[in-house]
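Read in order, the letters of the sequence shown are residues 23 to 239 in this note's numbering.
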Amino acid sequence: MTDTQVRDEVLTLFLAGHETTASSLAWALYLLARHPEIYRQVRAEADALTGPPRYEDLPRLALTQRVFKETIRLYPPLPAFNRDTKTELTVCGYTLPPGTVVLICPYATHHRADLWPQPERFDPDRFTPAGEAGRSRYAYLPFSAGPRTCIGNHFALMEGALVLATLLQRADFELLGGEVKPVSLGTLRPQGGMPMRVRLRQGAARRELATSSATHL
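Dropping the structure here:
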């Protein structure tokens, strides 16, 4: 790639990856608040770490990673995106001439009962290694698929799990109100925001201070 192309890819990674990850984290906290047993398990996983979550801790955050993946199944950051055909293409018996705009909807795909049993149910165990291996690669499209897949997909999954674990180490989150509806405004956002009460966990500040002091010794 030229220097200009590298620059453009880096800008895409950081700019396009900001709001999408932030919205996904809001939905993750929402789902955990509505499923207290899973919330307790994910928080315990984060608390078992010896300090703030780091990249090398990802193998010890298996449930946290599954929670984030299931979150973006239920609430994909981009609920729809388009592709343009370059040559004539036949899909499901329909012939599409070159230049046809094809709209792909991950939100609809992720809620198909033939691909996802009980699709409205929050179930992080859909993303165990066995669960993922037994599913079509095109059943799960939060980052698209194929040669045009999102260049930030691995970064987003890493970032989402680490930030979620960091938040759960430091604070408790309580949902205020009932069901929150999604609304598509380019990205899939919580309509009216995500009303939550956030409380700093007792001892969280002391743990962070102790870790920081040990790092500088």
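Glycine residues also receive a C-beta, built at the ideal position from the N, C-alpha and C atoms.
At which residues does the beta strand (DSSP E) containing residue i begin and terminate?
| i | result |
| --- | --- |
| L125 | 123–126 |
Return the CA-CA distance between residue i and residue j, expressed in angstroms with no decimal places.
| i | j | result |
| --- | --- | --- |
| P119 | I126 | 17 Å |
| A66 | L184 | 14 Å |
| R105 | L222 | 44 Å |
| P101 | S206 | 7 Å |
| L163 | E92 | 12 Å |
| L47 | L179 | 11 Å |
| S234 | T86 | Here the model assigns S234 a pLDDT of 43, short of 50, so the residue's position is not dependable, and the following value carries that caveat. About 24 Å. |
| P75 | R88 | 16 Å |
| D194 | D145 | 21 Å |
| T124 | T112 | As written in the sequence, residue 124 is Val, which differs from the Thr given in the question. About 12 Å. |
| Y61 | L54 | 5 Å |
| R82 | L71 | 8 Å |
| F177 | P139 | 28 Å |
| H8 | R143 | Since the first and last residues shown for the chain are 23 and 239, residue 8 lies out of range. |
| F103 | T188 | 31 Å |
| T24 | V32 | 13 Å |
| Y97 | S166 | 14 Å |
| F90 | G182 | 7 Å |
| V64 | Y116 | 46 Å |
Check the DSSP bridge columns for residue i and list the partner residues they point to.
| i | result |
| --- | --- |
| M216 | Bridge partners of M216: none, in fact. |
| R223 | In DSSP, R223 forms no bridge with anything. |
| T209 | L207 |
| T109 | According to DSSP, T109 bridges with nothing at all. |
| E78 | DSSP output for E78 lists no bridge partner at all. |
| L197 | M218 |
| F144 | Paired residues: none, contrary to the question. |
| F103 | I126 |
So the alpha helix (DSSP H) residue i belongs to, where does it begin and stop?
| i | result |
| --- | --- |
| P119 | P119 -> no alpha helix (DSSP H), and no H or E assigned at all. |
| S45 | 39–56 |
| G153 | 151–155 |
| D30 | 25–33 |
| R88 | 84–96 |
Pop quiz: residue i and residue j are said to be a contact at Cβ under 8 Å. What is the actual Cβ separation, rounded to whole angstroms?
| i | j | result |
| --- | --- | --- |
| P99 | T42 | 4 Å |
| L35 | G174 | 5 Å |
| Y52 | L197 | 6 Å |
| S45 | T209 | 5 Å |
| V220 | P212 | That pair is no contact at about 15 Å. |
| L137 | A161 | 4 Å |
Contained alpha helix (DSSP H) runs [length at least 4] in the stretch 157–193, N- to C-terminal order | 175–192
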